[in-house]
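Trainee: Dropping a structure here in structure tokens format, bear with me for questions.
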Amino acid sequence: MPRTARARLRVGRCTSWIAIVAASAPLLAPSTVCAQAWQAQAGVSSQLAWSSDPQFGLGNGREDLILDIRPYITIHREGPRFQASGTAALNAITTVNGTEERRVLPEADLNARLEALERFLYVEAGLRALRISEDPFGARPGPATHFNTMTSVQARLSPSIESTISPNMRYRLRSDNTTTRETGADSESAIPLAEGYFGRHAAFLEHDPKPLGWRIEAERSETRYRGDTQQPLTLDLARLSVDYAVGANVTAGVRIGRERTSVLPDGDQDRNIVGAQASWRPSARTTLSAFHEKRFFGSSWNLGFDHRRPRFAWNIVLSRSLATAMQALFELPPTNNVEALLDAMFITRFPDPAERARAVDDFIARQGLPTQTLRPIDLHTRRLSLVTLRSATVAMTGIRNTVTLTAFALHTEDAEQAGSLATGSSVGNNKQHGASAALTHRLSPTTALTVSSEWSRIRATNAADLSIQRSATVRLNRQASPWTVAFVGARYRELDSNVAADGEEGVLFVGFDHKF
């Protein structure tokens, strides 16, 4: 089958998945829920751009005009027994001089939750389709290009049983099941590496610290790579945690347990778990939690800090964990993280979730804000990795200015117990660093200017492979009508690499975003 036909078939499959999930969501709900109104916002955005080098990172240096048309729909539903939210879009790209193949790229981040039996049985479903870099050392994908990109699609089904025994005691049984597929790789020889199944099945029984609390839990996680002849990667654990309320808002405790995994040799598969934990929740606006424990792969830890105010929100994460490629995609936070930060800031002003979602969406459109900040590149490879992450994201809004800042450091390395998955390749063993900043200034009630900059670096830990990319963007937004925003701007980026071709790209663009 010709490559173009294969690409169209893959796109057709992905768009079918998006359509099925979006259309079936209301069918999962009780009739009383279906009768209630959904809040949906459809729209289309389009951009015409001149690029000095659309094949940035390939060394061709041929200019072209690129037309990008993106119809999209945003849904939101907050009911007593059914909730749904997310965005789905189709990104159609074509060029005048043929530097890029015509392609339609699906995008989605949809989630739904149904309370099938009142306060007992719940069913969650999700669909995520996002563009990832085929080669992490190549150029990061631009807004209107598909070079060095492919689409990773993950569908999720998560039934659970949740209930309370008393005001301070509760239990839950939950089964997360995900299937991941890849489509649209540029390389003819690209072999699907991160496709397959990931499941996490867990149960717990816990009592709040009043002042003494405890939690008993058991969990099994399983990873099966598609076409892999080896046995699945499994991890079983049982853990007991004990917490004590040191103060009104502070708890501290210990955790002990036992784990068994298929990645260790027979006769050495059982290991002990020992650790400690603490949390601080002075108010609904501030949360600090941390744990550290000894696992079969070494130290595992996590520290998370969230704080929000009406015009300020920030998030800090420090963690070390074991992960596979499909597990990493499953645990990826919402891709539109700027929207999540603004949602936290707007809680006081817009208590109703549906009204708040509309306010956040309108604010992003009027200000011309990016929907997401710079984040680490998803590593497309069959792997069992130790992942150490440090990240911080901040958003601030004023009367006329909005600022978003982010920084991250991500170290990925083969786990010693990875066996045949420990290939030692640069794709699975590297350190990523990045930072970005965006400033939006309201020139008038209908006009806003946005200036943003990004810097990222990826360096192999066992080879000389190195790539550094920088970019800067200036964009002027004009609200032409209550439903239409027009914009014009320019972008410059450069790539320094000993793996991909060095290059520079200048872009001039004009476009609009219209909501129906």
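In our numbering, the protein residues as written are 1 to 516. Think of the CB as a built atom: it goes at the ideal place given N, C-alpha and C, for glycine as much as any other residue. Keep in mind that this is a model prediction, so the values were computed, not measured.
1. May I ask you to report which of helix, strand or coil DSSP gives residue 327?
2. Could you check the C-alpha separation between residue 455 and residue 497 for me, to the nearest Å?
3. Which of the three DSSP states, helix, strand or coil, is assigned to residue 410?
4. DSSP state of residue 98, grouped into three classes?
5. For the beta strand (DSSP E) containing residue 504, name the first residue and the last one.
6. With 16 other CB atoms within 10 Å as the buried threshold, where does residue 474 fall?
7. In three-state DSSP terms, what is residue 137?
8. Excluding the 5 residues preceding and the 5 following residue 273 in the sequence, name in chain order all residues of the same chain whose CB lies nearer than 8 Å to its CB.
9. Can you tell me the Cβ-Cβ gap for residue 195 and residue 180, rounded? I've got them flagged as a contact below 8 Å.
10. Given this structure, state the Cα-to-Cα distance separating residue 425 from residue 249, to the nearest angstrom.
11. Identify every residue that forms a DSSP beta bridge with residue 49.
12. Write down the C-beta distance between residue 125 and residue 156 rounded to the nearest angstrom, noting that I regard them as a contact closer than 8 Å.
13. Check the C-beta distance from residue 223 over to residue 232 and give it rounded, since I have them as a contact under 8 Å.
14. Could you tell me whether the stretch 387-394 touches the stretch 140-150, using the rule of 3 or more Cβ pairs below 8 Å?
15. Answer with buried or exposed for residue 448, where buried requires no fewer than 16 other C-beta atoms within 10 angstroms of its C-beta.
16. So for residue 363, helix, strand or coil by DSSP?
17. Using the three-state DSSP reduction, which class does residue 500 fall into: helix, strand or coil?
18. If you follow the beta strand (DSSP E) that residue 380 is in, where does it begin and where does it stop?
19. Between 376, 368 and 204, which lies nearest to residue 160 when the distance is taken from Cα to Cα?
20. Please state the DSSP three-state secondary structure of residue 130.
21. Can you tell me whether residue 230 is buried or exposed, with buried defined as 16 or more other CB within 10 angstroms of its CB?
22. Relative to the C-alpha of residue 252, which candidate in 235, 284 and 290 has its C-alpha closest?
Mentor: Straight from the coordinates:
1. helix
2. 14 Å
3. strand
4. coil
5. 503-515
6. exposed
7. coil
8. 237, 239, 255, 256, 257, 258, 259, 293, 294 and 295
9. 6 Å
10. 46 Å
11. 66 and 509
12. 7 Å
13. 6 Å
14. no
15. buried
16. helix
17. coil
18. First-last for residue 380: undefined, no H or E at that position.
19. 204
20. strand
21. exposed
22. 290
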